[in-house]
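Printed below as a string of structure tokens:
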């Protein structure tokens, strides 16, 4: 991997005695697209504001390109922010908005003019120079906010839930736009969102946060396929999280049935949590020799691409299943899961860790 | 039926306007009356305006009034805007307390404000004069400015200020280039309000002015006691028109500015 552009070291922050970030440490590589993902109140926006220079951490350091910028004010940092509510200046035209940062830095007017043209082209709004802000739609305003940030040639662009106010279709469009922009500009993006789909689609690196802690950090595939704890498994997509016992390496017992798996090193007869994604639960005939568990179909919802179904096993657990094949409620079926689709996680050990987990 | 309703509501409105403006119209008419009678029209004249213009005492009072109104409104606007921003950044409990405290002078009877200020100046050995009127006017104008700037401060998002910092502006640049323009409608109307409040104040000025200095209102008061002269009608007409124009500007300027920008 390339070198670190930004390092957060042991960042702690609290408001009114309430701990928001607890000893957070994270490296961000140059030229990567990093997403902070978590529910509201998890500390992701606070982390972004500390990087942007709008908040000071109580403890810890922020290093940018190896230099300590913890106490550097926001206006002296080589980075720019795209705010959640765009924060465009309503009394200025689009042109004046985009030129704001460059005029502050006393760039020549001809340079500014070229930059505005370039930035508007980049966000697909050529010719909008003279328009007023309130004549724009939400999506267009967001593009202007991005243009206003990137004309300053930041090395790092911070985006605070920039697509939160847009409708679904526009949001998906803008996701692709952002990926394209990042590749064209070749700068580092830090993106904050609570939308797990957005995070998985756009990022190179996802940082899942909850209650001021980093729960897991890794590539989107790692986060989705190998969640390290129940919180991550539950937050990223739907999943079946069931208690199990690791009998020995490569074998786990769930509800009395033995499943082959590909995890090892947990020890013998060790209680664990098992994550199985709904699309990985395969429905087979009741008498199929592959069936490991047996149950009865209970619910079905048509979701468009797939049917979302529930199958209740005799122990009372309702398995969430995604499939393109329809199985009517009342039908007796067998369930099978491929060994590679079973993800084993350590059970939380302390109460402190327990608190981080899923709230039932 | 509908028609009758319409006619009735129009008559109602006409009566209200009539009651409100009949006295002022009478005053304006009499200021052009060629004669001292208040009941008889003896022809049109500008004589009273000319006489008013030539009257040293009136001109001095007019000058004082305008200078005090302008300076006190300006200072109150600066202080009030700063105060509104400060109050808005407080925690909600102290914010409500401070807002109540700043609102009390507005509800207080002018005579109480006037006498207490006079006593305060005397107690601290400040000689009464132009400066004490000015201080008094700044003081009673302040709450009006805070009250009219406050809604704009609340409306303005903190984001734009931070966005300006993010783009490299110093806090001072961010304030003047981004925050103040957003507050401007509130600041302008606060200034206009303060200006007119100061312009037509009599009671507080009366108690804080000391001897040898007059504003229009105290001058009119002392002249009326000696017997009213039609120059006073002319003067009152001028004051009315000034206030009217200022209020119109205050009401329509924001709209006009908005349209021009588009």
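Protein chains in written order, with my numbering: chain C, 720 to 1079; chain U, 57 to 318.
Backbone N, C-alpha and C define an ideal beta-carbon position, used for all residues, glycine too.
Residue 230 of chain U sits away from residue 806 of chain C, with the two beta carbons spaced by 7 angstroms or more. Residue pairing by DSSP puts residue 746 of chain C in a beta bridge opposite C:726.
Using a Cβ-Cβ cut-off of 7 angstroms, residue 84 of chain U does not count as an interface residue toward chain C, since no Cβ of chain C sits closer than that to its own. Bridge partners of residue 937 of chain C according to DSSP: C:925. Here the C-alpha atom of residue 892 of chain C lies approximately 47 angstroms from the C-alpha atom of residue 975 of chain C.
Along the stretch 215-246 of chain U, going in chain order, the ones with a CB nearer than 9 angstroms to a CB of chain C are 215, 216, 217, 218, 219, 220, 221, 222, 223, 224, 225, 226, 227, 229, 230, 233, 234, 237, 238, 240. Using beta-carbon distances, residue 824 of chain C counts as an interface residue toward chain U, with a partner under 7 angstroms. Taking 8 angstroms as the Cβ-Cβ cut-off, the stretch 200-215 of chain U approaches chain C at 213, 215, given in chain order. Assigned with DSSP and collapsed to three states, residue 1003 of chain C falls in strand. Of the candidates U:139, U:175, U:224, the residue whose Cα lies closest to the Cα of residue 263 of chain U is U:175.
Rounded to the nearest whole angstrom, the C-alpha separation of residue 159 of chain U and residue 85 of chain U is 39 angstroms.
Neighbours of residue 1013 of chain C in chain U, taken as residues whose beta carbon is under 7 angstroms from its own, are absent, since the nearest beta carbon is some 56 angstroms off.
By the 16-neighbour rule on beta-carbons within 10 angstroms, residue 939 of chain C is buried. Secondary structure of residue 203 of chain U (DSSP, three-state): helix.
DSSP places residue 1067 of chain C in no alpha helix (DSSP H); its state is neither H nor E. Taking the Cα of residue 245 of chain U as reference, the smallest distance to any Cα among U:163, U:198, U:216 is reached at U:198. In this structure, the alpha-carbon of residue 908 of chain C lies about 43 angstroms from that of residue 203 of chain U. With its beta carbon less than 7 angstroms from one in chain U, residue 802 of chain C belongs to the interface. The residues 812, 813, in chain order, have a CB closer than 8 angstroms to that of residue 851 of chain C in the same chain once the five nearest residues on each side in sequence are set aside. If you draw a straight line from the Cα of residue 754 of chain C to the Cα of residue 957 of chain C, it is about 20 angstroms long.
Taking one beta carbon from each stretch, the stretch 755-769 of chain C and the stretch 913-923 of chain C have 3 or more pairs nearer than 8 angstroms; the two touch.
Close CB contacts of residue 250 of chain U within its chain, under the 6 angstroms cut and outside five residues either way in sequence, are with 129, 132, 197, 200, 201 (chain order). Within the same chain, 744, 779, 780 come within 6 angstroms of residue 728 of chain C by CB-CB distance, once the 5 residues on both sides are set aside. Counting along the chain, residue 782 of chain C sits inside no alpha helix (DSSP H); it lies in the beta strand (DSSP E) bounded by residues 778-783. Counting C-beta pairs with one atom in each stretch, the stretch 57-76 of chain U and the stretch 1035-1055 of chain C have fewer than three that are closer than 8 angstroms, which means they do not touch.
A direct Cα-Cα distance of roughly 11 angstroms separates residue 953 of chain C from residue 995 of chain C. Taking 8 angstroms as the upper bound for CB-CB distance, residue 986 of chain C and residue 972 of chain C are not in contact here, some 14 angstroms apart. Contact check for residue 170 of chain U against residue 260 of chain U passes: the beta carbons are separated by less than 7 angstroms. Bounds of any beta strand (DSSP E) do not take in residue 808 of chain C, whose DSSP letter is neither H nor E. Cβ contact annotation for residue 874 of chain C (same chain, cutoff 7 angstroms, sequence separation greater than five): 724, 797, 798, 906, 907, in chain order. Unbroken alpha helix (DSSP H) stretches of 4 residues or longer found wholly inside the stretch 932-986 of chain C: 939-944, 949-954, given in chain order.
Collapsing the DSSP output to three states places residue 1054 of chain C in a strand. Between the stretch 268-280 of chain U and the stretch 133-153 of chain U there are fewer than three inter-stretch CB-CB distances shorter than 8 angstroms, so the stretches are not counted as touching. Cα atoms of residue 1065 of chain C and residue 789 of chain C: separation of roughly 36 angstroms, rounded to the nearest angstrom.
Ranked by Cα distance from residue 224 of chain U, the first of C:854, C:823, C:863 is C:823. At a C-beta separation below 7 angstroms, residue 771 of chain C has these neighbours in chain U: 222.
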